[in-house]
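Take a look at the structure set out below.
In the UniProt record's numbering, the protein residues as written are 1 to 998.
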């Protein structure tokens, strides 16, 4: 194992010291006193109730028993104690009991006085905190970030700051909560966007004191902006120029790389906005001739040259030939080839180069377009170094510049005039149209039917959401904030000790090495292999596209339809249960029939023997691990420390080895902190290496980092294999990166950055079953070499094309995780969980579902006293979350929340998840779904000692559908690493390569 010498560092947008100015010591001190008094009250209450009970039991007088019992009940239930009841009890109890009662009453009085005294103090501190908050939100880093992420919020800042804190209205409170979400993202969480998070490169070196040492390089200009043009601008320009005849006639054309002549028809794959489909068109000698002409030149033939060449062979006019070629382009058989990639961070420079031929041919507006692109890049450079107000002006200039030239070309191309209307013009038209419809509807509904009026409101709401849906790709819908995307670097010298890093990473890799049973993508690989062997046998090579078409038509499509049926049936079952719950007693119970129907649907989903066997092996492994841990570990809900030996024993128990340690590359997101003089790390996630999780940012750092990444990647291949980067037609700014592999896939509509001779067409691949490996392999037909395909972008697979996803299954990269280990450990405190799952009795299941909700606490899990694999967490059902009562003041709610979290032993600082999982939402009812936002699965920092964040928590709790996940903040704010003398939240992307040749 060898560490990559560079690590990407994410640093919070500003020093935590700035945020920590927002503190409320007096309010929290009173809450602490109240908590202690309440604890004392509980103890004394129990003792007093026992004494009163003993007295009642020993009394023979029913009247006395009744008097004391009434008071005892009030004490036990903590109801308000009436003076009359207390006086009567004091008259009949002995002196010793009287003293205990008076002591308890004194404590209750003291507690009440303390709670009341906190109100005024809390209000004063809260108002002062809001004044401090106004200073914090006045920082450049926050406002610069808001320009690109929320102009609306930025525009409300001035009125928010001017409004006296004791005169806040609903509007100010809403702005406050939005600001808190952005601020906590800056100070407590690493999110790589604009100025909210800064990026740096650290070097792994020998003899670094303290393990990690970070110092500023420039005291005056610590944060530097790096601007790039939004790659959606490229998509718009390409679509626009493809509709502009003087331009597209000079564009090179290439054949769809998947084009195949099947004798009686042509077959090829098309990609339209990353949605793929196979096309078949009847054989035509003209099409064959055109394809032959185009394929003679690797870089393509210009549209105009193709038409001229065709005129020599085909008896048709130039206009007819142009129309015919246009049809072939529309069908996806021919593709424009500008040589500009949508994943190139410098796509605008490449586009200028590509447009040079158009300038030479005097195509109108192209020279101006080139100049405007240069102007916008220059504006971007100015923007990076400008203050907030100047940034607003520059952004508008860039927008106006881009729109002006685009609209000139748009008009010259004869595209619809409606598409050139501004957003404001379209909005005014829409409003006028709606007013006219409302007036017409009002006349038609003079009877004032309330139901119809309500339906009209709903329709209006729906229209409001879909009115601006893009009808064509040449409609100009950009906003100023969409011109650029920004990354910022903090100019620091960051050094990491090589020996310390090797100790951490070797321990992590050693653990991952033992987790190969759970390697990602295995189920899908098994499905592909099983289908391949059944369909074709194992003795011949099958063309990749043939397999792709067959597999998705005959296996993936039915599988998806089956899953949709299962989801639909689950929804219908839930709706039926809801109806039954509301129905009167005596109606028939169809839940059993429904459950059987659902089971039948699940049984229809075939489970491959390999997957079934692995699932059984996984369950056996979990049990073996839990059994082993039980003998050496006692459950502790605070922290569990584990070593590697139990994992090895579990592997041995089920006959699973760690696998061959082939050459490969890995990476991890780590948060380092010092504890007891020792450098430790929290493992946030693990992933394949090869530069994948740093690729997006490489363009802003020294080229040496990119060159080293590329060099180390190439070293991993050998003469018998080729490394190819996966490509598709997705436009996504987070995918922008330099090429890191020697070759690229060339597929329909794909973004290619390498020269044509380094682009391998998708048709040059075939799939071969390797009997020795027992796996499907991808081979290049022309060389016979085994191909490894790599996804090096940031975009999740859900947004990728189906072919992209299939190709990625032929990667060398391994997806290894620690979660299977932590999940198994979490079962230590639930030994009867599996038995509960086996209960078939419907009544018992219903009883279990209706049982009293409890908070499930999962411990911090520490591996080798070095790596935190899981932070301590609380899963809190919504009924157990602290809800604000209608009459609760801010102080009373603040007190309630903090007493609640102290009772549950939660730390001051946590992250909360409104919706712990972003999946499975189809099982929620519509009312709960309406409250959720698209980011509610993301963590939100909460400091319970901060009243402003407690108020934010209240709003988050209201949106919780089922339960809220609460996770300790680790490293805590006190454990944050420092840049010079200031704390910053930080996260490191560490990569390593295993270079052992097998």
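From the three backbone atoms N, C-alpha and C, an ideal C-beta is built for every residue, glycine too.
Check your understanding: Per DSSP, what kind of secondary structure is residue 317 in: helix, strand or coil?
Key -> For residue 317, the three-state secondary structure derived from DSSP is coil.
Exercise for review: Find out if the Cβ-Cβ distance for the pair residue 194, residue 145 is shorter than 8 angstroms.
Suggested key: Yes.
Practice item. With distances taken Cα to Cα, identify the nearest neighbour of residue 1044 among 396, 915, 10 and 71. Key: This structure does not reach residue 1044, given that the chain is present from 1 up to 998, and the question cannot be answered.
**Study point:** CA-to-CA distance, residue 944 to residue 457, given in whole angstroms
**Key:** Any reading at residue 457 is ruled out, since the residue's pLDDT is 44, under 50, leaving its predicted position unreliable.
Point to revise | DSSP state of residue 635 mapped onto helix, strand, coil | key: It is coil, neither helix nor strand.
Exercise for review: Report yes or no: do the region 726-743 and the region 822-830 share at least 3 C-beta pairs separated by less than 8 angstroms?
Suggested key: Taking 8 angstroms as the limit for Cβ pairs, the verdict is that the region 822-830 does not touch the region 726-743.
**Study point:** Burial state of residue 347, where buried means 16 or more other Cβ atoms lie within 10 Å
**Key:** When all chains shown are included, residue 347 counts as buried.
Check your understanding: Tell me the DSSP bridge mates of residue 412?
Key -> Beta-bridge partners of residue 412 (DSSP): none assigned.
Check your understanding: Assuming residue 489 contacts residue 224 under a Cβ cut-off of 8 angstroms, what Cβ separation, rounded to an integer in Å, is found between them?
Key -> For residue 489 against residue 224, the beta-carbon gap comes to about 5 angstroms, under 8 angstroms, which counts as contact.
Exercise for review: Work out the CA separation of residue 505 and residue 336 for me, nearest whole Å.
Suggested key: Each residue's alpha carbon lies about 46 angstroms from the other.
Review point. Cβ of residue 498 within 8 angstroms of Cβ of residue 204?
Key: With respect to residue 204, residue 498 sits close: the two C-beta atoms are nearer than 8 angstroms.
Review point. At which residue ranges does the region 174-215 contain complete beta strand (DSSP E) runs of 3 or more residues, listed in the order of the chain?
Key: Whole beta strand (DSSP E) segments, 3+ residues: 194-205.
Point to revise | Near the ligand ADP: residue 261 beta-carbon under 7 angstroms from a heavy atom | key: Here there are no bound small molecules, and the ligand ADP is not part of this structure.
Exercise for review: In the DSSP assignment, find the beta strand (DSSP E) that holds residue 759 and state where it starts and stops.
Suggested key: Counting along the chain, the unbroken beta strand (DSSP E) around residue 759 starts and ends at 759-761.
Review point. Counting only runs that start and end within the region 701-763, where is the beta strand (DSSP E) found for 3 or more residues in a row?
Key: Segments of the beta strand (DSSP E) lying fully in the region 701-763: 721-725, 743-746 and 759-761.
Check your understanding: Between residue 9 and residue 899, what straight-line distance do the alpha-carbon atoms span, to the nearest angstrom?
Key -> Cα to Cα, residue 9 sits roughly 37 angstroms from residue 899.
**Study point:** 8 angstroms CB neighbourhood of residue 1025 in its chain, flanking five on each side removed
**Key:** The question about residue 1025 has no answer, for the chain in this structure spans 1 to 998.
**Study point:** Simplified DSSP state of residue 7, which is helix, strand or coil
**Key:** DSSP places residue 7 in strand when its eight states are reduced to three.
Point to revise | Span of the alpha helix (DSSP H), counted from its first residue to its last, around residue 550 | key: Run containing residue 550: 544-551, per the alpha helix (DSSP H) assignment.
Exercise for review: For residue 1, name the three-state secondary structure that DSSP assigns.
Suggested key: Shown here, residue 1 sits in coil according to DSSP, grouped into three states, outside any helix or strand.
Exercise for review: Pull up the distance between the alpha-carbon of residue 897 and that of residue 950, whole angstroms please.
Suggested key: Cα to Cα, the separation comes out at about 8 angstroms.
Check your understanding: When the Cβ atoms of the region 643-659 are set against those of the region 622-632, are three or more pairs found closer than 8 angstroms?
Key -> In short, these stretches touch, since the Cβ pair count reaches three.
Point to revise | Element boundaries [alpha helix (DSSP H), containing residue 938] | key: Neither: residue 938 is in no alpha helix (DSSP H) and is coded neither H nor E.
Review point. To which residues of the same chain is residue 992 closer than 8 angstroms at the C-beta, ignoring the five residues directly before and after it?
Key: In the same chain as residue 992, and ignoring 5 residues on each side of it, the C-beta atoms closer than 8 angstroms to its own belong to 1, 2, 3, 4, 505, 509, 665, 666, 667 and 689, in chain order.
Point to revise | Contact between the region 107-119 and the region 25-40 (3+ Cβ pairs under 8 angstroms) | key: Segments in contact, yes.
Review point. Across which residues does DSSP place residue 279 in a beta bridge pair?
Key: The partner list for residue 279 (beta bridge, DSSP) reads 268.
Point to revise | Distance between beta carbons of residue 541 and residue 762, contact taken as under 8 angstroms | key: Their Cβ separation, rounded to whole angstroms, is 15 angstroms, which puts residue 762 and residue 541 out of contact at 8 angstroms.
Practice item. Have a look at 797, 882, 895 and 947 and flag the residue whose alpha-carbon is nearest the alpha-carbon of residue 966. Key: Checked all of 797, 882, 895 and 947; the closest Cα to residue 966 is 882.
Point to revise | Whole-angstrom distance between residue 71 and residue 48, CA atom to CA atom | key: Cα to Cα, the separation comes out at about 11 angstroms.
Review point. Quick check: the region 741-750 against the region 721-729, are there 3 or more CB pairs under 8 angstroms?
Key: By the C-beta criterion, the region 741-750 is judged to be in contact with the region 721-729, since at least 3 inter-stretch pairs fall below 8 angstroms.
**Study point:** residue 977 versus residue 777 - alpha carbon distance
**Key:** Rounded to the nearest angstrom, the two C-alpha atoms are 45 angstroms apart.
**Study point:** Cα-Cα separation, residue 434 to residue 427
**Key:** One C-alpha to the other measures close to 11 angstroms.
Review point. Which class does residue 220 belong to by DSSP, given the choice of helix, strand or coil?
Key: Residue 220 sits in coil when the DSSP states are folded into three classes, being neither helix nor strand.
Review point. Could you give the distance in angstroms between the alpha-carbon of residue 589 and the alpha-carbon of residue 125?
Key: For residue 589, the pLDDT reaches just 42, beneath the cut-off of 50, and the residue's location in the model is therefore unreliable, leaving the point undetermined.
Exercise for review: Go ahead and pull the three-state DSSP assignment for residue 618.
Suggested key: Residue state for residue 618 is assigned as helix, using DSSP reduced to three classes.
Exercise for review: Evaluate the contact criterion for the region 148-155 versus the region 53-66: three or more CB pairs, one atom per stretch, below 8 angstroms.
Suggested key: No contact exists between the region 148-155 and the region 53-66.
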